[in-house]
Structure formats: C-alpha cells, structure tokens
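Accompanying notes for the structure given below.
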Amino acid sequence: MTMPTEAKPSMTMSRRRALTITSVVSLFGANAVAVFSNLLFFKPRVTYGEPSRFRIGKAEAYPLGTRLPMTRQRVTIVRTEAGMAAISNTCTHLGCVIATTEIGFDCPCHGSRFDAEGTVLGGPAPRPLPWFRIALSPSGELEVDTAEPVPAGTFLKV
Amino acid sequence: MKSETGFLGTLRSFPANVWSSIFRNPLPSSDLGRSQTTFSNFFLHIHPVKTHTNSLRARYTLGLGVMAFSLFLILLVSGILLMFYYVPSVEQAHNRMLDLSGTVAFGVLLRNMHRWAAHGMVAIVLLHLCRVFFTGSYRKPREFNWVVGVLLLLLTLFMSFTGYLLPWDQLAFWAITVGTAIAGYAPFVGEQVRFLLLGDRVVGQEALIRFYVLHVAVLPFFMTVLIGVHFWRIRKDGGLSRPEGSDLPEAQEKNALALQAKLEGLAPKAKLAKNKTFGVMGVVRGPFTKVGNVPDNTVSSWPYLFIAELFVFALTLLVILVLAVVLNAPLEAPADATHPPNPSKAPWYFLGLQEMVSYSAFWGGVGIPTIFVLLLVLLPYLDRGTKGVGVWFSRHRLLATTTFTTLLLVNLVLVIVGTFFRGPNWAFVVPWEKPAVSEHAPAPPAAPAAAPAGR
Chain L
1 MTMPTEAKPS MTMSRRRALT ITSVVSLFGA NAVAVFSNLL FFKPRVTYGE
51 PSRFRIGKAE AYPLGTRLPM TRQRVTIVRT EAGMAAISNT CTHLGCVIAT
101 TEIGFDCPCH GSRFDAEGTV LGGPAPRPLP WFRIALSPSG ELEVDTAEPV
151 PAGTFLKV
Chain Z
159 MKSETGFLGT LRSFPANVWS SIFRNPLPSS DLGRSQTTFS NFFLHIHPVK
209 THTNSLRARY TLGLGVMAFS LFLILLVSGI LLMFYYVPSV EQAHNRMLDL
259 SGTVAFGVLL RNMHRWAAHG MVAIVLLHLC RVFFTGSYRK PREFNWVVGV
309 LLLLLTLFMS FTGYLLPWDQ LAFWAITVGT AIAGYAPFVG EQVRFLLLGD
359 RVVGQEALIR FYVLHVAVLP FFMTVLIGVH FWRIRKDGGL SRPEGSDLPE
409 AQEKNALALQ AKLEGLAPKA KLAKNKTFGV MGVVRGPFTK VGNVPDNTVS
459 SWPYLFIAEL FVFALTLLVI LVLAVVLNAP LEAPADATHP PNPSKAPWYF
509 LGLQEMVSYS AFWGGVGIPT IFVLLLVLLP YLDRGTKGVG VWFSRHRLLA
559 TTTFTTLLLV NLVLVIVGTF FRGPNWAFVV PWEKPAVSEH APAPPAAPAA
609 APAGR
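In the order they appear, the protein sequences are chains L and Z.
Position 8 (the first sequence) corresponds to 8 in this note's numbering; numbering is contiguous.
Count along the second sequence starting at 1, add 158, and that's the number in this note's numbering.
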C-alpha cells in the first residue's frame, strides 16, 4: 500500500500506522455490517397472513349499491355509479375491525364513525379510512391490493 | 476436626467432608466469621459484608426492591415451567391454555401465579421507582443507577405486554391490537416499528411467534443483565442512600444497639465492633463508604440483611400463592380477528395512554409518554441538589416531590378512568350504575360465518 502525498513532514504517516488504521477500520466495519444485516433480518419480506393481493370475482357479481365487507381481508367492496372501490375496514384509531353499514362505517371499539366514503364523522379516529387499488386482472376478475393505497374517490370504471 | 484414617474413617467423615467442601466456613460466631461467610459464598457475595442500619429500616425501603426481584424470580420459575406445555401457534395456543386446567397437574395454579406475579411486578417496580424518587435517592452518586432502573421499568412493561398476547384469547388479541396501534402513532418510524413488532400488518401467527421469542428469551436476557448491573451499582455507589449524618458515631451506637436488641435471639450475640478485625475486602468509591477502623453505624449482613431479604421473599411468594389460589387468571374465547369486543382495551398500565389517545392520538399515545420517559431518565442530571437525600418527602425537595406527585396522580386517575369508567364506544360510564356486562364481552354468538384470522 502506498502512502498519501506527504505535503508536510508533520503530516506523514508511517506504513505501520496506515496499515493499523486500515485493518482496524475494515475489522470493525465488517462487524458493523454484520450487525446491520441482523437488523434487516427482523423485517420480513413476505408475510404469512392474509395475502395483500386477492381476487374478488367479476364485476357483475357486485350490483349497483353494493357495500360488501370482507372481514378476513379487512376491506369493504363498494360499487356506486362511479365504479368500484375497496375501502379499508380497519379503524384508523386503534386498529379494530369496523362494521360496514348502508350509509358508512361504525367502529365498535371506541365509537368512531365514518361516512360512505370513509371520511371521519365523529369519534376519536384521526384519519379517514384508506382506499386500496382495485384493478382488472387479465382473467377478467377484479383484484384488490391492500398494500397499495390510492387517493379517496378513486373508482375503477366497470 | 480430627482426621480419620482407613476406609471406615473416610466413610464416616464423608458427609462432613462434602459439607465443608461446599460451605467453606462453619456457621459464623464472630464478626470475622460473618464477614467471611458473606464474602466467600457465591450467592451472598453480591452483598456487602456489613450493612448500614438505615438500609434495614423497613419504613425506609419498604422492601420494594427485593420484592420486585422476588417477583422476577417467581416469574422466571413459573414461566419456564409453563413453557413445557405452551405452543406458540394460533391453532394451539388457546387449547394449551385450556389444557393447563384440564390435564396438567397444578397447571392453573402456575398460570395464575405467573399472571398475578406479572401484574404485581409492574406495580411493585412502579412503587419502587416512587420510593427512590420520594427519598431523593437518584441524586449523585446514584444517577446512573436511576437510569438503569428506568430502563428496567420499561423492560418490565414490555415483558408484561409481550406476555399478554400468548394466551391468544379475545382479551390478548385486542389488547395487543390496540397497544401496537398506539405504537403506530409515533412519527416517521411508528408504522415501521409496528410492522417489525408484528411481523405483519395485523396481529396473527407472526406476531405470536415474535412476542413469544421476545417474552421468553430476548427480554429476560436483557432484564437479567440489567438487574445484575443495577445490583452491582448499588454496591459501587456506596450502598443504599441514607440521610446525611446517619454515619456519625453518636447515631451509630444508639441505632445499632436498638436494632440488635430487636433482633436478639436470631443469631449469636454480635458485639458492636469498635475494632474490626477484618481487612479491606473491596475498594468502593463514593463519599459514604468507609473502609478501616471507623465507627460507621453498620451491622453484619449475616444474618440481619439476609433474614430481612428472606422474609420479604417469603412474604411475596405467600401473597402470590394466595392470590393464585383465590383468583383465576382470566381466559376468554379464542382470539377472533373479525369480532372486536366493545370496548377494546389495552393492558391496565397502558389504559392511561389509551385514555389520552382518545383525546389526541399523537400527543396521548406518543408525545406525552416520550416526554415523561425522557424526564424520568434525565431527572438525576436536571436535579443536582444535594440536600434532603435519604429522607422521605424532604422539605428540601418540595418542588420535585410536588411535580412528580402531580404527574403520578394524573396518570393514576387516567388509568382508573380508562379501566372502570369507559364502556362501549369508549363512552363515559359509571361502573356501579351499569348492569353487569363484561368489559371484554366475547364475540356475539350469532355472527355470520367467517373464518377466524390465521386459520
């Protein structure tokens, strides 16, 4: 290994010192990388629970005015004149499953109420209910992805 | 001991030889012997050979530290026993809970002990923190041990929280759903922390195995290490705090004689040593510890300290046993992700948080608790006074005592309101006017058929 340019005599570094610094840095650097990789280990890349993407059948199965809660996937399928949408069933307050009604959503845990589009009407919920992407898959079935939020009011024309 | 020869002699002296090889000293009858007994025994040597009489005053320490450690030991033993039957799987966990009462001898008793000791430990650790605060014991040179203590409190809460999920009943499932949702309110990292904790976006099998590993391996490890540090620092910081002037010879003679008179008969008569014959057995920093030929108002740890500790441990175990026999730990219907009970409540020590969350999600769940914990950790570095250490509610610490008491009472009121005065929809209810309905009512039976989560 060659030394860096030596401008002043006081700035020079002996070969031994340079090698020491290099080895110490690489040794502890390797350790740090090992620790960091262990931190990444804790973040799962797949989850084993309900898949975030699932098919809900053809659009014809959902007549106008449908508000169908799917409790397992925690999403409500909505069909209006504007099209189809998937609105979250999980309360934005403390994560309870909320009941879907004809005119909105009611949380049984702490009394949050939402209108038909998920806007907070009352109770402790701090945010409106998120909407999820709903798309037409090549097979003609509708596919919901609860990992992909979309702006409220985004309908899929059918 | 006279030496015996021959095979018969070896045989005859066998028990005595084994005994003396384990216990190096005979039962002590002198100060030197008492010191050596403490010093040379692995389990006793974390104690000093001499204990200040103030540390033995029940009205000063209330025995809370030893109580907390006793509960930790009870939890360790009962927890390890429960591990023999528990399976951390969403299919089996709840059934295993039922099996404890059906097929395992003393299964219910062990589970009850574990549950009540866990709640008790949270409460006792909090009270211990109050004791240390109100006596000003966090002040120099004990600042860092206070910080270690606050970390131990947080670990205790986290231990209890992770254990809460394991029975996998409705109470567990929704308490953890609500509790982790509160964590999700932390800015920037909240959702990430929640995801890492649960291993998924909702509470399910991943959360159960994560909480299990944290509960039985990771947290107990850190807890054991920190408890070791906590005890070690007590010694190195000069023993338990005590009022100024309590080391003086005048106070010494009177107090020590009074204590000795009280404990007379417990041990061979121990004369107050004016001239100690033992040498330096440890060098300790701090202004309080005196090594050498100075009168210092101490008594031998053997037997006074050890009997006191044994008594507190036995008392704690007795209380837990009685509780475990009289009260059964609750077990509700199996967890059902599709039917939340109304209202869903976090564990009791987080109900103050949940109550605050119902007013403001961020401030109640994250902002105020963070400030409170930071204040606790930084307290000994903010309060640099030196007067009034070792005295309950000292006049010199009026401001600190008042502030702390106020915060404590506010939190207590919030916990009580959250526990007893919140009904369905988190509406205010008056408990004694309400018809008897379980707070965590099980899922309504006439529910549309929906597969429970994770099956």
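Don't be surprised by glycine CBs; every beta carbon is placed ideally from N, CA and C.
None of these values were measured; they are calculated from a predicted model.
Rounded to the nearest angstrom, what separates residue i and residue j at their Cα positions?
i	j	result
ILE367 (chain Z)	GLU301 (chain Z)	37 Å
VAL361 (chain Z)	ARG182 (chain Z)	54 Å
SER193 (chain Z)	TRP177 (chain Z)	19 Å
ALA59 (chain L)	GLU143 (chain L)	10 Å
ARG67 (chain L)	VAL120 (chain L)	18 Å
PHE54 (chain L)	LEU258 (chain Z)	39 Å
THR564 (chain Z)	SER188 (chain Z)	50 Å
VAL351 (chain Z)	TRP584 (chain Z)	26 Å
PHE562 (chain Z)	GLY57 (chain L)	60 Å
ASP358 (chain Z)	ASN569 (chain Z)	32 Å
ARG133 (chain L)	SER52 (chain L)	11 Å
ALA116 (chain L)	HIS93 (chain L)	17 Å
PHE291 (chain Z)	THR559 (chain Z)	8 Å
ASP327 (chain Z)	PHE200 (chain Z)	43 Å
PHE446 (chain Z)	TYR296 (chain Z)	Since pLDDT at PHE446 (chain Z) reaches only 47, below the 50 mark, its modelled position is unreliable, and the value read off the structure follows with that caveat. So the two alpha carbons sit approximately 15 Å from each other.
GLY122 (chain L)	ILE103 (chain L)	14 Å
ALA487 (chain Z)	ALA330 (chain Z)	12 Å
THR195 (chain Z)	LEU468 (chain Z)	17 Å
HIS205 (chain Z)	VAL376 (chain Z)	27 Å
VAL46 (chain L)	VAL371 (chain Z)	19 Å
GLN73 (chain L)	PRO589 (chain Z)	36 Å
GLY167 (chain Z)	PRO173 (chain Z)	11 Å
ILE77 (chain L)	PRO149 (chain L)	14 Å
PHE353 (chain Z)	LYS43 (chain L)	8 Å
THR338 (chain Z)	LEU185 (chain Z)	54 Å
PRO138 (chain L)	LEU156 (chain L)	15 Å
LEU108 (chain Z)	LEU313 (chain Z)	An answer regarding residue 108 (chain Z) cannot be provided, because it is not within the stretch 159 to 613 covered by chain Z.
HIS210 (chain Z)	SER458 (chain Z)	9 Å
PRO602 (chain Z)	ASP106 (chain L)	With a pLDDT of 43 at PRO602 (chain Z), under the threshold of 50, the predicted position of this residue should be treated as unreliable, and no value is reported.
GLY153 (chain L)	GLU81 (chain L)	12 Å
List the residues of chain L that residue i touches, going by C-beta distances under 8 Å, in chain order.
i	result
GLY348 (chain Z)	Here the premise fails: no neighbours, minimum Cβ distance about 12 Å.
ASN199 (chain Z)	In chain order: nothing, as chain L lies at least about 38 Å away.
Is residue i near the ligand MG - that is, is its Cβ less than 7 Å away from at least one heavy atom of it?
i	result
ARG127 (chain L)	This structure simply doesn't include the ligand MG, nor any ligand for that matter.
Considering only residues of the same chain and omitting the five flanking positions on each side of residue i, which have a CB-CB separation below 6 Å?
i	result
VAL549 (chain Z)	PRO401
ASP405 (chain Z)	ASP454, ASN455
GLN512 (chain Z)	ALA504, GLY576
SER236 (chain Z)	LEU268, MET271, HIS272
PRO320 (chain Z)	It is worth fixing the name first, because residue 320 (chain Z) is Thr in this sequence and not Pro. If we look at THR320 (chain Z) and ignore the five residues flanking it on each side, its Cβ neighbours are PHE369, LEU372, HIS373.
GLY581 (chain Z)	VAL587
Within the same chain, show all residues whose beta-carbon is closer than 7 Å to that of residue i, passing over the 5 residues directly before and after it, in chain order.
i	result
HIS286 (chain Z)	LEU222, GLY223, ALA226
GLN229 (chain Z)	Here residue 229 (chain Z) is Leu; the residue named in the question, Gln, does not match the sequence. Here the set comprises ALA275, GLY278, MET279, ILE282, THR474.
ASN245 (chain Z)	Note on residue identity: the sequence assigns Val, not Asn, to residue 245 (chain Z). Correct list, in chain order: ALA251, ARG254.
PRO538 (chain Z)	TYR296, ARG297, GLU301, TRP304
Just grab the DSSP bridge partners of residue i for me.
i	result
PHE54 (chain L)	L:VAL144
LEU156 (chain L)	L:MET84
ALA99 (chain L)	L:ASP106
ASP494 (chain Z)	None; ASP494 (chain Z) has no bridge partner.
PRO501 (chain Z)	Partner(s): none; PRO501 (chain Z) has no beta bridge.
ALA131 (chain L)	The residue asked about is misnamed: residue 131 (chain L) is Trp in this sequence, not Ala. Its beta-bridge partners are L:ILE87, L:VAL150.
GLY122 (chain L)	L:ARG113
PHE586 (chain Z)	Z:ARG580
THR76 (chain L)	L:PRO69, L:ILE87
Note down, in chain order, every chain Z residue with its Cβ under 8 Å from the Cβ of residue i.
i	result
TYR48 (chain L)	ASP358, GLY362, GLN363, GLU364
VAL97 (chain L)	ALA495, THR496, HIS497, PRO498
GLU122 (chain L)	Contrary to the premise, residue 122 (chain L) reads as Gly rather than Glu in this sequence. Those within 8 Å of GLY122 (chain L) in chain Z number zero; the least Cβ separation is about 10 Å.
GLY140 (chain L)	Those within 8 Å of GLY140 (chain L) in chain Z number zero; the least Cβ separation is about 26 Å.
LEU94 (chain L)	THR335, VAL336, ALA339, ILE340, SER502, GLN512, VAL515
Using a Cβ cut-off of 9 Å, pull out every chain L residue sitting near residue i, in sequence order please.
i	result
LEU354 (chain Z)	PHE42, LYS43, PRO44
Please go through the same chain and pick out, in chain order, the residues whose beta-carbon is closer than 8 Å to the beta-carbon of residue i, but skip the five residues on each side of it.
i	result
GLN250 (chain Z)	none
VAL308 (chain Z)	LEU287, VAL531, LEU534, VAL535
SER213 (chain Z)	THR219, GLY397, LEU398, ARG400, LEU463
SER318 (chain Z)	ALA276, HIS277, MET279, VAL280, PRO505, TYR507
VAL470 (chain Z)	GLY221, VAL224, MET225, SER228
ILE478 (chain Z)	LEU229, ILE232, MET271, TRP274, ALA275, GLY278
Quick one: list the residues of chain Z neighbouring residue i, beta-carbon separation under 9 Å, in chain order.
i	result
PRO126 (chain L)	TYR343, SER518, ALA519, PHE520
PRO108 (chain L)	HIS497, PRO498, PRO499, ASN500, PRO501, SER502, PRO582, ASN583
Starting from residue i, find everything on chain Z with Cβ-Cβ shorter than 7 Å and list it in chain order.
i	result
GLY118 (chain L)	Residues of chain Z passing the Cβ test: none, with the nearest at roughly 17 Å.
GLY111 (chain L)	ASN583, TRP584, ALA585
> What runs of the alpha helix (DSSP H), each 4 residues or longer, lie entirely inside the segment 193 to 249 of chain Z?
Replying inline: 216 to 219, 222 to 241
> In the segment 338 to 386 of chain Z, which residue ranges form an unbroken alpha helix (DSSP H) of at least 4 residues, counting only runs that do not cross its ends?
Replying inline: 348 to 356, 363 to 371
> Can you give, in chain order, each stretch of the alpha helix (DSSP H) that sits fully within the segment 239 to 322 of chain Z and has at least 4 residues?
Replying inline: Every alpha helix (DSSP H) stretch that sits fully inside the segment 239 to 322 of chain Z and reaches 4 residues is listed by chain position as 251 to 260, 265 to 292.
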